[in-house]
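Chains as they are written, first to last, in the numbering used here: chain A, 2 to 261; chain B, 387 to 645. Glycine included, C-beta positions come from ideal geometry on N, C-alpha and C.
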Amino acid sequence: MDEQKLTLNKIRLSYARAKRDQDREDLWIYYVIRKISFYPTWLFLKIGISANQATFISIIVGVVGCSFLAFGNYATRIMGALLVNFWIVLDCVDGNIARYKETLGNYGEFIDALGGYLLNAILFLFVGIGVFNHPEPLFKFITRVFDGNLNEIILIILGAWASLVIILSRLIFHKFMNIFSQAQSVKVTSGVESEKGFSHILYLVVHNIVSLSGFLTPILLLAVIFRLLSMFVLLYALMNTVILIVTTHRIILKSRRVET
Amino acid sequence: MGKVSIKDIRATYSKDKMVSERRNKVWLYYTGRLPSFYMTWLFLHLNISANQATYISLVIGFGSCIFLALGSYTLKLAGALLASLYLLLDCVDGNIARYTKSTSPFGKFIDASASYIISSFLFMSIGLGTFMNPNSSILLRHSESFFISFNKYIFLIVGFWSAFSYLLARLISLRYKTMIVSSSDNDSTKHLISNRFFQISSIVFRNIFGVSGFFVPLLLLAAVFRLLGFLALFYAVVNSIALIFIMVKTTLKMKSAID
């Protein structure tokens, strides 16, 4: 690689050729994060960090960020939320590097996915633990309304539930892909997209709120700043449960259709 | 359908499956397989299809979770017994499908999904049960005599943690399998298996990890001796080790598949 010629434009071009259309559904990534990600990509390429090394750095940043959310006070929580937002940038960077250097491969894809699962799994639980340790004014107010019958422990339960349900729905989705792509030679795409009209718009909205590549990370930052993390945990416990039910339902319908 | 005999049902249980089960699911092989044939016979007589059997197992599994999570001593015992019934039914649906030659991708899919849901909920509910009913736990009643003083909240977190470290481990290994199957060169990854230490530890691991190994007898024992809190802690550790192990193993294998 000729180092002299490394420019932002070249990085942008390598992205546009390969990945641009895939990103369109993730509005936050498409319009904001991807654009920011070119700068760290340039830096990482300059220093000579490979795509896989970038993935490992991103996992460390994400896990440290989540730990800050779980075991910190207000200031460290803001740090944590910023780190999680930085994680999503780095998550784009590794792909950028791989495309630029043309080193895309199964291994890279695998550890990238692994990092995503790990973060998705621990984020809600750790936020739940964080608000349990340092209850927010809003939650204290709510407990007073409920006359002390509501315990902070509910926040851990909600966080853990949100985490559990989101992994479960991913697992069920992947099992579906795994079984049906082996059984039939038909190309099985995601169980939910590929539809038009209202249900597609609804899908886009929900997808963009719930998935880590959607508006989850900026919402997290806002929730930390305005001390609304208990509402954040409640919101995602509900949303993720809905996602689990809807995905499972749709996948079952779809797999019946594929079979007959 | 002609006359259903136990012998015919047995004949559908293939040698390959038997050999792998004798190694990897010792408890199921020696205690569950035989009753499962009789149960299959019953279900076939009642005209219950394989998929219906899966749904029944799902209901029984949920019942077991609810008893374990909310019950007192006797109900927890009943929950543990229901968990062993669930495991039995989990074999029955496969038996029915093989006997009636109705194995299908859809059947495989709901079977796997049901087992993900019930396994994770079982882990969760043993922790939840100790939290909801702390007096029924020996660990909590005599907590001052242990090195760490056990707080009941710990068990809640422990239950959730073991549930989702289990699911995460499953998710990662599933992703790995999907990618390995889709890429043609999977022969280069076999060399790790040849190691004797790896073989033994993988057999031990397969027998402990998940709910189809020694989980069910341990659950029964724990329910009898009021040690469900201890079991929750044990499985939190087991599942965390499994998660780390699977993460490291699949990453290394993926890497070696490339070099």
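Helix, strand or coil, according to DSSP, for residue i in the structure here?
| i | result |
| --- | --- |
| Gly545/B | helix |
| Gly447/B | helix |
| Arg25/A | coil |
| Asn519/B | coil |
| Asp95/A | helix |
| Gly129/A | helix |
| Asp148/A | coil |
| Gly117/A | helix |
| Lys47/A | helix |
| Ile594/B | helix |
| Met633/B | helix |
| Lys393/B | helix |
| Phe611/B | coil |
| Ser38/A | helix |
| Leu617/B | helix |
| Phe429/B | helix |
| Thr56/A | helix |
| Thr8/A | coil |
| Arg258/A | helix |
| Asn241/A | helix |
| Asn581/B | coil |
| Asn209/A | helix |
| Val193/A | Residue placement at Val193/A is poorly supported in this model, since its pLDDT is 46, which falls under 50; the coordinates still yield a value, given next. The answer is coil: DSSP assigns Val193/A none of H, G, I, E or B. |
| Tyr101/A | helix |
| Gly262/A | Within the shown structure, residues of chain A are numbered from 2 to 261, placing residue 262/A beyond reach of any answer. |
| Asp571/B | Residue confidence for Asp571/B is low, a pLDDT of 49 falling below 50, so the modelled location carries little weight and cannot support an answer. |
| Val187/A | Low confidence applies here, because Val187/A scores a pLDDT of 45, under 50, leaving its location unreliable; read the following figure in that light. Three-state DSSP puts Val187/A in coil, outside helix and strand. |
| Ile434/B | coil |
| Ser400/B | coil |
| Ser559/B | helix |
| Phe227/A | coil |
| His135/A | coil |
Report the residue from the options whose alpha carbon sits nearest the alpha carbon of residue i.
| i | options | result |
| --- | --- | --- |
| Asn625/B | Leu461/B, Ala555/B, Ile446/B | Ala555/B |
| Phe133/A | Asn519/B, Tyr539/B, Thr516/B | Tyr539/B |
| Ala9/A | Thr42/A, Ser182/A, Phe111/A | For the record, residue 9/A in the displayed sequence is Leu; it is not Ala. Among Thr42/A, Ser182/A, Phe111/A, the Cα nearest to that of Leu9/A is on Thr42/A. |
| Met232/A | His250/A, Thr249/A, Phe125/A | Phe125/A |
| Val128/A | Phe45/A, Ser38/A, Phe72/A | Phe72/A |
| Asn410/B | Ala618/B, Phe600/B, Gly615/B, Ala469/B | Phe600/B |
| Gly449/B | Ile434/B, Leu467/B, Gln438/B | Leu467/B |
| Met518/B | Lys393/B, Arg582/B, Tyr459/B | Tyr459/B |
| Phe541/B | Phe550/B, Ser588/B, Gly615/B | Gly615/B |
| Glu26/A | Leu169/A, Phe216/A, Tyr101/A, Thr248/A | Phe216/A |
| Ala122/A | Leu629/B, Met404/B, Val623/B | Leu629/B |
| Leu239/A | Thr104/A, Ser256/A, Ala163/A, Leu119/A | Ala163/A |
| Asn521/B | Leu557/B, Gly457/B, Ser511/B | Gly457/B |
| Met640/B | Phe453/B, Leu619/B, Lys563/B, Gly596/B | Lys563/B |
| Ala498/B | Asn179/A, Ile246/A, Leu203/A, Pro138/A | Asn179/A |
| Leu120/A | Lys11/A, Ile253/A, Lys141/A, Ile168/A | Ile168/A |
| Ile253/A | Arg612/B, Asp476/B, Tyr416/B, Phe492/B | Phe492/B |
| Gly160/A | Gly131/A, Arg145/A, Lys255/A | Gly131/A |
- request: Compile a chain-ordered list of the residues in the segment 146-165 of chain A whose CB is closer than 8 Å to at least one CB of chain B.
  value: So the close ones are Ile154, Ile157, Ile158, Ala161, Trp162, Ser164, Leu165.
message: Can you pull out the residues from the segment 628-639 of chain B whose beta carbon lies closer than 8 Å to at least one beta carbon of chain A?
response: For the segment 628-639 of chain B, the residues whose beta carbon sits under 8 Å from a beta carbon of chain A are, in order, Met633, Thr636, Thr637.
message: Quick check for students: name the residue ranges of the beta strand (DSSP E) that lie wholly in the segment 437-503 of chain B, counting only runs of 3 or more.
response: none
message: Against chain B, which members of the segment 61-83 of chain A pass a CB distance test of less than 7 Å?
response: none
- prompt: Got a sec: which bits of the segment 96-127 of chain A sit with their beta carbon under 8 Å from any beta carbon on chain B, in order along the chain?
  reply: For the segment 96-127 of chain A, the set of positions with a beta-carbon nearer than 8 Å to some beta-carbon of chain B reads Gly106, Asn107, Tyr108, Glu110, Phe111, Ile112, Ala114, Leu115, Tyr118, Leu119, Ala122, Leu126 in chain order.
query: Using Cβ-Cβ distances below 9 Å, what residues of the segment 168-184 of chain A are close to chain B?
result: Ile168, Leu169, Arg171, Leu172, Ile173, His175, Lys176, Phe177, Met178, Asn179, Ile180, Phe181, Ser182, Gln183, Ala184
query: Relative to chain A, which residues along the segment 542-555 of chain B have a C-beta separation below 7 Å, given in chain order?
result: Leu542, Ile543, Phe546, Ala549, Phe550, Leu553, Leu554
message: Against chain B, which members of the segment 248-261 of chain A pass a CB distance test of less than 9 Å?
response: So the list reads Thr249, Ile252, Ile253, Ser256, Arg257, Val259, Glu260, given in the order they occur along the chain.
- prompt: Between the segment 422-441 of chain B and chain A, which residues of the former have CB atoms less than 8 Å from a CB of the latter, in chain order?
  reply: none
- prompt: When Cβ atoms are compared, which residues of the segment 446-460 of chain B fall closer than 9 Å to chain A?
  reply: Cβ contacts with chain A come from no residue of the segment 446-460 of chain B.
Under 8 Å (Cβ pairs) to chain A, residues found in the segment 483-496 of chain B: Ser490, Pro491, Phe492, Lys494, Phe495, Ile496
query: Which residues, in chain order, does the segment 393-417 of chain B contribute to contact with chain A at a C-beta distance below 7 Å?
result: none
message: Which residues of the segment 604-623 of chain B have a Cβ closer than 9 Å to any Cβ of chain A? Give them in chain order.
response: none
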